[in-house]
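The next block holds one structure in the form of C-alpha coordinates; read it before the comments.
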(Lines of atoms letter the chains of each structure in order from A and count residues from 1; the text may use other names and numbers.)
(Lines give C-alpha, C1' and ligand atoms only; values in the text may rest on other atoms or scores of the structure.)
Protein backbone atom coordinates (compact mmCIF):
# COMPACT_ATOMS: atom_id res chain seq x y z
CA UNK A 1 0.00 0.00 0.00
CA UNK A 2 2.90 2.36 0.75
CA UNK A 3 4.20 2.09 -2.82
CA UNK A 4 0.87 3.39 -4.17
CA UNK A 5 1.65 6.80 -2.67
CA UNK A 6 5.11 7.04 -4.25
CA UNK A 7 5.86 8.87 -7.45
CA UNK A 8 6.76 6.78 -10.54
CA UNK A 9 10.43 7.73 -10.16
CA UNK A 10 10.45 6.72 -6.49
CA UNK A 11 8.77 3.41 -7.36
CA UNK A 12 11.40 2.70 -10.01
CA UNK A 13 14.21 3.51 -7.58
CA UNK A 14 12.70 1.27 -4.90
CA UNK A 15 12.31 -1.55 -7.42
CA UNK A 16 15.93 -1.11 -8.54
CA UNK A 17 17.08 -1.17 -4.92
CA UNK A 18 15.18 -4.41 -4.25
CA UNK A 19 16.53 -5.92 -7.47
CA UNK A 20 20.03 -5.56 -6.05
CA UNK A 21 19.60 -8.61 -3.80
CA UNK A 22 22.96 -8.33 -2.06
CA UNK A 23 22.41 -4.70 -1.12
CA UNK A 24 18.74 -5.20 -0.24
CA UNK A 25 19.39 -8.03 2.23
CA UNK A 26 22.45 -6.24 3.56
CA UNK A 27 20.21 -3.29 4.39
CA UNK A 28 17.87 -5.58 6.31
CA UNK A 29 20.75 -7.13 8.28
CA UNK A 30 22.31 -3.72 8.97
CA UNK A 31 19.12 -2.09 10.26
CA UNK A 32 18.21 -5.13 12.37
CA UNK A 33 21.67 -5.04 13.99
CA UNK A 34 21.40 -1.28 14.47
CA UNK A 35 17.94 -1.61 16.03
CA UNK A 36 19.16 -4.28 18.44
CA UNK A 37 22.23 -2.24 19.36
CA UNK A 38 20.01 0.70 20.30
CA UNK A 39 18.72 -1.52 23.11
CA UNK A 40 22.16 -2.81 24.07
CA UNK A 41 21.42 -2.19 27.75
CA UNK A 42 18.76 -4.87 27.51
CA UNK A 43 21.08 -7.35 25.79
CA UNK A 44 24.36 -6.98 27.69
CA UNK A 45 24.23 -5.54 31.19
CA UNK A 46 25.30 -6.30 34.74
CA UNK A 47 21.90 -5.10 35.98
CA UNK A 48 18.62 -7.04 35.75
CA UNK A 49 16.11 -6.16 33.07
CA UNK A 50 13.16 -6.52 35.40
CA UNK A 51 12.58 -7.11 39.11
CA UNK A 52 9.10 -7.93 40.37
CA UNK A 53 9.30 -7.06 44.06
CA UNK A 54 6.76 -6.56 46.80
CA UNK A 55 7.74 -2.88 46.74
CA UNK A 56 6.85 -2.60 43.06
CA UNK A 57 8.19 -3.21 39.55
CA UNK A 58 11.79 -2.14 38.88
CA UNK A 59 13.78 -1.74 35.66
CA UNK A 60 17.40 -1.57 36.86
CA UNK A 61 18.90 -1.81 33.37
CA UNK A 62 17.42 1.57 32.48
CA UNK A 63 17.12 3.29 35.85
CA UNK A 64 19.20 3.44 39.03
CA UNK A 65 17.54 2.46 42.30
CA UNK A 66 18.65 2.89 45.89
CA UNK A 67 18.49 0.43 48.76
CA UNK A 68 15.58 2.42 50.17
CA UNK A 69 13.55 1.90 47.01
CA UNK A 70 13.37 -1.80 47.88
CA UNK A 71 11.92 -1.03 51.31
CA UNK A 72 15.12 -1.48 53.32
CA UNK A 73 15.77 1.12 56.00
CA UNK A 74 19.52 1.25 56.45
CA UNK A 75 19.96 4.78 57.72
CA UNK A 76 22.29 6.88 55.62
CA UNK A 77 23.05 3.89 53.38
CA UNK A 78 19.44 3.75 52.24
CA UNK A 79 20.26 6.35 49.57
CA UNK A 80 23.16 4.28 48.16
CA UNK A 81 22.64 2.96 44.62
CA UNK A 82 22.27 -0.80 44.50
CA UNK A 83 25.29 -2.72 43.15
CA UNK A 84 23.77 -5.81 41.53
CA UNK A 85 27.18 -7.41 40.96
CA UNK A 86 27.72 -7.65 44.72
CA UNK A 87 26.11 -10.93 45.79
CA UNK A 88 25.78 -9.87 49.42
CA UNK A 89 24.00 -6.62 48.56
CA UNK A 90 21.88 -8.29 45.88
CA UNK A 91 20.71 -11.04 48.24
CA UNK A 92 19.90 -8.50 50.91
CA UNK A 93 17.94 -6.22 48.61
CA UNK A 94 16.15 -8.67 46.35
CA UNK A 95 16.15 -11.54 48.83
CA UNK A 96 14.02 -9.48 51.20
CA UNK A 97 11.09 -10.67 49.09
CA UNK A 98 11.04 -14.45 48.78
CA UNK A 99 8.60 -14.25 45.86
CA UNK A 100 10.66 -11.70 43.93
CA UNK A 101 11.16 -12.40 40.21
CA UNK A 102 14.40 -11.32 38.54
CA UNK A 103 14.93 -11.33 34.77
CA UNK A 104 18.52 -10.88 33.57
CA UNK A 105 19.78 -9.87 30.09
CA UNK A 106 21.17 -12.64 27.85
CA UNK A 107 24.71 -11.37 28.57
CA UNK A 108 25.19 -10.49 32.22
CA UNK A 109 28.07 -8.10 31.63
CA UNK A 110 28.15 -4.42 30.74
CA UNK A 111 30.99 -3.19 28.51
CA UNK A 112 32.46 -1.53 31.62
CA UNK A 113 32.07 -4.57 33.90
CA UNK A 114 35.44 -6.01 34.92
CA UNK A 115 35.82 -9.70 35.73
CA UNK A 116 39.04 -10.09 37.71
CA UNK A 117 38.32 -13.63 38.88
CA UNK A 118 40.92 -15.14 36.53
CA UNK A 119 43.82 -14.33 34.26
CA UNK A 120 42.99 -11.82 31.55
CA UNK A 121 42.62 -11.87 28.63
CA UNK A 122 40.60 -15.02 29.23
CA UNK A 123 39.67 -17.45 26.47
CA UNK A 124 36.02 -18.03 25.50
CA UNK A 125 34.05 -19.96 28.10
CA UNK A 126 30.48 -20.56 29.23
CA UNK A 127 30.73 -17.33 31.28
CA UNK A 128 32.29 -15.19 28.56
CA UNK A 129 31.23 -16.60 25.19
CA UNK A 130 33.87 -14.63 23.23
CA UNK A 131 36.39 -14.26 26.03
CA UNK A 132 37.58 -11.15 27.85
CA UNK A 133 39.98 -8.30 27.14
CA UNK A 134 43.26 -7.76 28.95
CA UNK A 135 41.39 -5.63 31.51
CA UNK A 136 38.66 -8.20 32.12
CA UNK A 137 35.89 -6.70 29.98
CA UNK A 138 33.51 -9.09 28.22
CA UNK A 139 34.33 -9.03 24.49
CA UNK A 140 30.75 -9.72 23.36
CA UNK A 141 29.46 -6.74 25.38
CA UNK A 142 32.21 -4.48 24.04
CA UNK A 143 31.36 -5.43 20.44
CA UNK A 144 27.63 -4.78 20.90
CA UNK A 145 28.16 -1.32 22.41
CA UNK A 146 31.01 -0.51 20.02
CA UNK A 147 28.76 -1.29 17.05
CA UNK A 148 26.22 1.23 18.28
CA UNK A 149 28.83 3.92 18.93
CA UNK A 150 30.55 3.37 15.57
CA UNK A 151 27.37 3.38 13.47
CA UNK A 152 25.68 6.33 15.18
CA UNK A 153 28.93 8.30 15.16
CA UNK A 154 29.52 7.48 11.49
CA UNK A 155 25.93 8.31 10.54
CA UNK A 156 26.04 11.68 12.33
CA UNK A 157 29.43 12.54 10.83
CA UNK A 158 28.34 11.54 7.33
CA UNK A 159 25.13 13.59 7.52
CA UNK A 160 26.89 16.66 8.95
CA UNK A 161 29.75 16.54 6.44
CA UNK A 162 27.28 15.99 3.59
CA UNK A 163 25.17 19.00 4.62
CA UNK A 164 28.22 21.27 4.76
CA UNK A 165 29.58 19.87 1.49
CA UNK A 166 26.23 20.35 -0.26
CA UNK A 167 25.99 23.99 0.83
CA UNK A 168 29.58 24.81 -0.17
CA UNK A 169 29.37 22.94 -3.48
CA UNK A 170 26.00 24.51 -4.34
CA UNK A 171 27.24 28.06 -3.74
CA UNK A 172 30.41 27.45 -5.74
CA UNK A 173 28.58 25.95 -8.68
CA UNK A 174 25.60 28.31 -8.69
CA UNK A 175 27.45 31.63 -8.39
CA UNK A 176 30.66 30.61 -10.15
CA UNK A 177 33.24 33.32 -10.86
CA UNK A 178 35.34 34.43 -7.91
CA UNK A 179 33.19 32.44 -5.48
CA UNK A 180 34.01 29.22 -7.29
CA UNK A 181 37.67 30.15 -7.85
CA UNK A 182 38.41 31.08 -4.23
CA UNK A 183 36.43 28.11 -2.94
CA UNK A 184 38.32 25.65 -5.13
CA UNK A 185 41.72 27.04 -4.16
CA UNK A 186 40.82 26.83 -0.46
CA UNK A 187 39.63 23.24 -0.81
CA UNK A 188 42.79 22.29 -2.69
CA UNK A 189 44.95 23.72 0.09
CA UNK A 190 42.79 22.20 2.83
CA UNK A 191 42.75 18.70 1.28
CA UNK A 192 46.51 18.80 0.66
CA UNK A 193 47.12 18.85 4.42
CA UNK A 194 48.11 15.48 5.96
CA UNK A 195 44.73 14.89 7.58
CA UNK A 196 45.70 11.87 9.68
CA UNK A 197 48.67 13.65 11.27
CA UNK A 198 46.60 16.75 11.97
CA UNK A 199 43.84 14.61 13.50
CA UNK A 200 46.38 12.91 15.77
CA UNK A 201 47.83 16.27 16.86
CA UNK A 202 44.40 17.77 17.56
CA UNK A 203 43.23 14.66 19.39
CA UNK A 204 46.30 14.75 21.63
CA UNK A 205 45.81 18.48 22.33
CA UNK A 206 42.19 18.01 23.38
CA UNK A 207 42.75 15.50 26.16
CA UNK A 208 39.78 13.14 26.18
CA UNK A 209 38.95 11.92 29.66
CA UNK A 210 36.19 9.36 30.20
CA UNK A 211 33.48 8.17 27.84
CA UNK A 212 31.06 11.12 27.80
CA UNK A 213 29.03 13.07 25.28
CA UNK A 214 31.65 15.86 25.40
CA UNK A 215 34.30 13.32 24.40
CA UNK A 216 32.36 12.15 21.37
CA UNK A 217 31.41 15.71 20.39
CA UNK A 218 35.02 16.89 20.51
CA UNK A 219 36.16 13.96 18.38
CA UNK A 220 33.19 14.56 16.07
CA UNK A 221 34.22 18.19 15.43
CA UNK A 222 37.83 17.19 14.79
CA UNK A 223 36.83 14.61 12.16
CA UNK A 224 34.17 16.88 10.66
CA UNK A 225 36.81 19.53 9.95
CA UNK A 226 38.41 17.18 7.38
CA UNK A 227 35.43 15.22 6.05
CA UNK A 228 33.15 17.95 4.68
CA UNK A 229 35.14 18.37 1.44
CA UNK A 230 34.09 14.96 0.09
CA UNK A 231 30.67 15.87 -1.39
CA UNK A 232 31.73 19.33 -2.62
CA UNK A 233 33.10 18.18 -5.97
CA UNK A 234 30.06 16.11 -6.99
CA UNK A 235 27.55 18.79 -5.93
CA UNK A 236 29.55 21.59 -7.58
CA UNK A 237 29.75 19.69 -10.89
CA UNK A 238 26.04 18.88 -10.85
CA UNK A 239 25.07 22.47 -10.05
CA UNK A 240 27.36 23.82 -12.78
CA UNK A 241 25.58 21.53 -15.25
CA UNK A 242 22.07 22.17 -13.97
CA UNK A 243 22.22 25.97 -13.81
CA UNK A 244 22.51 26.13 -17.63
CA UNK A 245 19.41 24.02 -18.21
CA UNK A 246 16.48 25.56 -20.05
CA UNK A 247 14.06 25.24 -17.14
CA UNK A 248 16.46 27.15 -14.87
CA UNK A 249 16.84 29.90 -17.46
CA UNK A 250 13.07 30.00 -17.86
CA UNK A 251 12.66 30.41 -14.09
CA UNK A 252 15.03 33.39 -14.19
CA UNK A 253 13.07 34.97 -17.04
CA UNK A 254 9.86 34.55 -15.05
CA UNK A 255 11.42 36.57 -12.23
CA UNK A 256 12.01 33.78 -9.74
CA UNK A 257 14.61 34.66 -7.10
CA UNK A 258 17.99 32.99 -6.96
CA UNK A 259 17.27 31.28 -3.65
CA UNK A 260 14.06 29.80 -5.02
CA UNK A 261 15.85 28.61 -8.15
CA UNK A 262 18.62 27.00 -6.13
CA UNK A 263 16.40 25.19 -3.63
CA UNK A 264 13.54 24.31 -5.97
CA UNK A 265 15.26 23.48 -9.26
CA UNK A 266 19.01 23.04 -8.78
CA UNK A 267 19.61 21.37 -5.41
CA UNK A 268 17.10 18.48 -5.84
CA UNK A 269 19.14 17.20 -8.79
CA UNK A 270 22.44 17.68 -6.97
CA UNK A 271 21.21 15.80 -3.90
CA UNK A 272 20.92 12.58 -5.91
CA UNK A 273 24.71 12.28 -6.02
CA UNK A 274 25.06 12.96 -2.30
CA UNK A 275 22.45 10.34 -1.34
CA UNK A 276 24.29 7.80 -3.50
CA UNK A 277 27.56 8.38 -1.65
CA UNK A 278 26.04 8.50 1.86
CA UNK A 279 26.64 4.80 2.77
CA UNK A 280 30.24 5.14 1.60
CA UNK A 281 30.60 8.29 3.72
CA UNK A 282 29.35 6.38 6.77
CA UNK A 283 31.88 3.66 6.04
CA UNK A 284 34.68 6.23 5.82
CA UNK A 285 33.62 7.80 9.11
CA UNK A 286 33.56 4.42 10.88
CA UNK A 287 37.00 3.63 9.47
CA UNK A 288 38.39 6.98 10.62
CA UNK A 289 37.07 6.50 14.16
CA UNK A 290 38.42 2.95 14.31
CA UNK A 291 41.83 4.06 13.01
CA UNK A 292 42.16 6.79 15.62
CA UNK A 293 41.10 4.38 18.36
CA UNK A 294 43.64 1.83 17.16
CA UNK A 295 46.41 4.45 17.24
CA UNK A 296 45.35 5.50 20.74
CA UNK A 297 44.14 8.99 19.77
CA UNK A 298 40.39 8.35 19.67
CA UNK A 299 38.11 7.41 22.51
CA UNK A 300 39.81 6.76 25.85
CA UNK A 301 40.71 3.21 26.94
CA UNK A 302 37.81 1.33 28.46
CA UNK A 303 35.23 2.81 26.09
CA UNK A 304 33.39 0.49 23.68
CA UNK A 305 35.58 0.69 20.60
CA UNK A 306 36.41 -1.70 17.77
CA UNK A 307 39.73 0.09 17.22
CA UNK A 308 40.77 -0.34 20.85
CA UNK A 309 39.78 -4.01 20.65
CA UNK A 310 41.99 -4.40 17.56
CA UNK A 311 44.85 -2.75 19.44
CA UNK A 312 44.47 -5.26 22.25
CA UNK A 313 44.54 -8.05 19.68
CA UNK A 314 47.81 -6.66 18.32
CA UNK A 315 49.31 -6.43 21.79
CA UNK A 316 48.11 -9.96 22.70
CA UNK A 317 48.62 -12.07 19.54
CA UNK A 318 48.04 -15.31 21.46
CA UNK A 319 44.55 -14.13 22.43
CA UNK A 320 43.08 -15.00 19.03
CA UNK A 321 39.55 -14.10 20.15
CA UNK A 322 40.50 -10.41 20.41
CA UNK A 323 41.90 -9.75 16.94
CA UNK A 324 39.57 -12.25 15.26
CA UNK A 325 36.41 -10.77 16.81
CA UNK A 326 37.38 -7.18 16.04
CA UNK A 327 38.36 -8.07 12.47
CA UNK A 328 35.15 -10.02 11.77
CA UNK A 329 32.94 -7.32 13.35
CA UNK A 330 34.57 -4.52 11.36
CA UNK A 331 34.59 -6.57 8.15
CA UNK A 332 30.87 -7.35 8.46
CA UNK A 333 29.95 -3.75 9.29
CA UNK A 334 31.92 -2.25 6.39
CA UNK A 335 30.74 -4.94 3.97
CA UNK A 336 27.10 -4.25 4.81
CA UNK A 337 27.64 -0.54 4.22
CA UNK A 338 29.44 -1.17 0.91
CA UNK A 339 26.70 -3.47 -0.38
CA UNK A 340 24.03 -0.97 0.67
CA UNK A 341 25.95 1.77 -1.13
CA UNK A 342 26.01 -0.29 -4.32
CA UNK A 343 22.26 -0.85 -4.13
CA UNK A 344 21.57 2.86 -3.51
CA UNK A 345 23.85 3.77 -6.42
CA UNK A 346 21.93 1.44 -8.74
CA UNK A 347 18.61 2.80 -7.47
CA UNK A 348 19.54 6.38 -8.39
CA UNK A 349 21.22 5.49 -11.68
CA UNK A 350 18.74 6.33 -14.49
CA UNK A 351 20.69 4.11 -16.91
CA UNK A 352 20.31 1.04 -14.71
CA UNK A 353 17.76 -1.45 -16.03
CA UNK A 354 15.98 -3.91 -13.79
CA UNK A 355 17.19 -7.48 -13.96
CA UNK A 356 20.86 -6.67 -14.61
CA UNK A 357 21.90 -5.63 -11.09
CA UNK A 358 23.82 -7.51 -8.42
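Numbering (this note's numbering), first residue to last: 189 to 546. Ideal placement from N, C-alpha and C gives every residue a C-beta, glycine not left out.
| Check | Outcome |
| --- | --- |
| Counting Cβ pairs, one atom from each stretch, are 3 or more of them under 8 Å apart for the segment 463 to 476 and the segment 412 to 432? | yes |
| Buried or exposed: which applies to residue 500, given that a residue is buried once 16 or more other Cβ atoms fall within 10 Å of its Cβ? | buried |
| What runs of the alpha helix (DSSP H), each 4 residues or longer, lie entirely inside the segment 192 to 265? | 196 to 207 and 209 to 226 |
| Counting pairs of Cβ atoms below 8 Å between the segment 525 to 535 and the segment 199 to 206, do you hit three or more? | yes |
| Could you give the DSSP three-state label for residue 542: helix, strand or coil? | A caution first: residue 542 carries a pLDDT of 49, below 50, which makes its placement in the model too unreliable to give a value. |
| Opposite residue 302 in the DSSP bridges: which residues? | 325 |
| Please check the pair residue 334 and residue 214, which I expect to be a contact at CB under 8 Å, by giving their CB distance rounded to whole angstroms. | 20 Å between Cβ atoms; not a contact. |
| Quick one: grab the DSSP three-state call for residue 531. | helix |
| According to DSSP, is residue 290 part of a helix, a strand, or is it coil? | strand |
| Tell me which same chain residues have a C-beta within less than 7 Å of the C-beta of residue 324, skipping the five on either side of it? | 302, 303, 304 and 308 |
| The alpha helix (DSSP H) with residue 465 in it runs from where to where? | 455 to 483 |
| Cβ atoms of residue 483 and residue 221: under 9 Å apart, would you say? | no |
| Does the segment 423 to 435 touch the segment 447 to 464, meaning 3 or more C-beta pairs lie closer than 8 Å? | yes |
| Where DSSP assigns a beta bridge to residue 269, which residues make up the other side? | 254 |
| Restricting to Cα atoms, I'd like to know which of 531, 290 and 199 is closest to residue 463. | 531 |
| Given 8 Å as the limit, is there contact between the segment 351 to 366 and the segment 473 to 482, that is, 3 or more CB pairs closer than that? | no |
| Taking residue 248 and residue 239 to be in contact with their CB atoms under 8 Å, please state how far apart those CB atoms are, rounded to whole angstroms. | 6 Å |
| What does the Cβ neighbour count give for residue 310, buried or exposed, with the cut at 16 atoms within 10 Å? | buried |
| Using the C-alpha atoms, what's the distance from residue 521 back to residue 541? | Because residue 541 carries a pLDDT of 49, less than 50, the predicted location of this residue cannot be relied on, and the following value inherits that uncertainty. Looking at the two C-alpha atoms, the distance is approximately 28 Å. |
| So if DSSP puts residue 320 in a beta bridge, which residue, or which two residues, is it bridged to? | 326 |
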